[in-house]
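Input: a single structure, listed below in structure tokens.
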Amino acid sequence: MKNLFTSDQYSVLLPYKLSYQNQVLARNPKNIIVSVQPKLTFFIVLSYKTKRKYLLFVISVKLNDDGVDVKELEKIVQEKRFQSKSKTFWAMYYTIPTYHNPTGILFSEAVCQELANLARQYDFLILCDDVYNILNYTSSKPTKRLFAYDNGPGNIISNGSFAKLIGPGVRVGWLEVPARLKPILENSGILNSGGCFNNYTSGILASLFELKLAQEHIAIVKRAYKERMLAACEILEKNLPVSCKWIKPSGGYFIWISLPTNTDAGKLLQTCLQDEKIFFIIGSRFAYKPMVANNCLRLSISFHKKDKLVDGVTRFCAVVKRFLEEPKK
């Protein structure tokens with residue numbers, strides 16, 4: 001068996017993150033990485049490095065409204081588990097537990113605790129993208145991360161990013177890792193050869209925080225995003241056909257909508273673009289398997305100002321209503 005990578009059913013996996021984690025944490029060709037994908041399932045990836053690239057083999061795992069289906073994940077882990085002789089972990093699970101992209105789901109405390117226990121019990125690593133947890137619209141405090149449930153020897157890594165808080169062009173983030181993984185990261189070729197991930201921009205950000213300018217900016221951004229999310233959800237609650245299913249996010253950027261079964265979100269997108277010049281991302285873009293989430297779509301509240309967003313979501317709901325009422329050819 002080659003490397004195993006598990007992820008949510010719908011997910012956004014950035015190549016640089018996958019490459020870095022594979023190089024640093026799973027270079028042994030027998031290691032397994034586990035990760036999570038969005039609304040419908042998570043997926044497991046069998047990964048091994050050839051001379052030129054990593055090859056990935058993906059298996060879907062279910063994602064519920066309160067997070068990953070832990071029982072299904074445990075079943076897969078039990079089936080795929082093996083003993084790694086040269087690495088700390090035999091597998092890695094990738095997920096976005098707070099305001100998940102693309103579904104907006106917030107993993108419940110129960111799911112988070114079960115995940116932490118599962119990783120400890122079966123000796124696998126959990127890699128979290130915690131890039132949205134500060135964007136909590138129900139409290140002034142950041143949402144509790146999965147990392148906080150890691151009370152054992154250390155099985156969870158938290159990835160943070162300033163791109164979601166300062167600006168999308170700020171390609172600087174941070175890692176919070178268990179003490180036992182620090183030497184692995186410190187001795188990686190990326191750090192030893194490169195010196196740092198982004199020296200210049202890191203210095204600028206450090207100055208912004210010292211001057212309290214970054215904190216002020218983040219507070220402004222959070223207020224703006226909260227207003228946009230609440231406004232968009234209010235319109236959806238009033239105007240979206242009841243046959244469409246969605247969960248109101250309590251933070252983050254995204255709203256995940258499931259159209260009636262067998263409805264083609266791609267055709268709806270074409271209609272929205274043609275009639276109203278409205279764009280969204282169809283659900284199948286986030287799914288590994290073909291024909292999965294074809295009736296789903298993701299809306300984002302982060303780009304447009306409130307007035308333009310309100311207008312766009314209102315017109316979107318009108319198009320959806322017309323589209324669903326039209327006889328299907």
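Numbered per the UniProt record's numbering, the sequence shown spans residues 1 to 329.
By construction, the Cβ of each residue, glycine as well, lies at the ideal position given by its N, Cα and C atoms.
- DSSP places tyrosine 200 inside the alpha helix (DSSP H), whose first and last residues are 199-210.
- Bounds of any beta strand (DSSP E) do not take in tyrosine 137, whose DSSP letter is neither H nor E.
- Judged by their CB atoms, leucine 115 and glycine 251 are not nearer to each other than the 7 angstroms cut-off.
- Between aspartate 123 and glycine 160, the CB-CB gap reaches or exceeds 7 angstroms.
- In the DSSP assignment, leucine 127 falls within the unbroken beta strand (DSSP E) covering 125-129.
- Cysteine 244 sits close to isoleucine 257, with the two beta carbons spaced by under 7 angstroms.
- In the DSSP secondary-structure assignment, phenylalanine 303 is not bridged to any residue.
- Around the beta carbon of isoleucine 220, a 10 Å sphere encloses fewer than 16 other beta carbons of the protein chains shown; the residue is thus reported as exposed.
- According to the DSSP assignment, asparagine 159 belongs to the beta strand (DSSP E) that extends over 156-161.
- Distances from the alpha-carbon of tryptophan 90 to those of Phe323, Gln121 and Tyr253 put Gln121 closest.
- The three-state reading of DSSP puts serine 243 in coil, since its state is none of H, G, I, E or B.
- DSSP places threonine 261 outside any beta strand (DSSP E), giving it a letter other than H or E.
- Put simply, the backbone Cα of glutamine 215 is about 39 angstroms away from that of alanine 265.
- For the set Val319, Pro97 and Glu276, the Cα lying nearest the Cα of leucine 240 is the one of Val319.
- At least 7 angstroms separates the beta-carbon of proline 183 from that of glycine 154.
- Exclusion of the five residues before and after isoleucine 235 leaves Val313 and Thr314 as the residues of its chain whose Cβ lies within less than 6 angstroms of its Cβ.
- Taking C-beta atoms under 8 angstroms as the contact rule, glycine 104 and proline 249 qualify, at a distance of about 3 angstroms.
- The Cβ atoms of leucine 118 and glutamate 176 lie no closer than 7 angstroms to each other.
- Comparing alpha-carbon positions, the option among Ile301, Lys267 and Lys308 lying closest to leucine 324 turns out to be Lys267.
- Note that the C-beta distance between glutamine 113 and tyrosine 149 is below 7 angstroms.
- Here phenylalanine 254 is bridged, per DSSP, to Ser300.
- Taking C-beta atoms as the reference points, valine 61 and glutamate 72 count as a pair closer than 7 angstroms.
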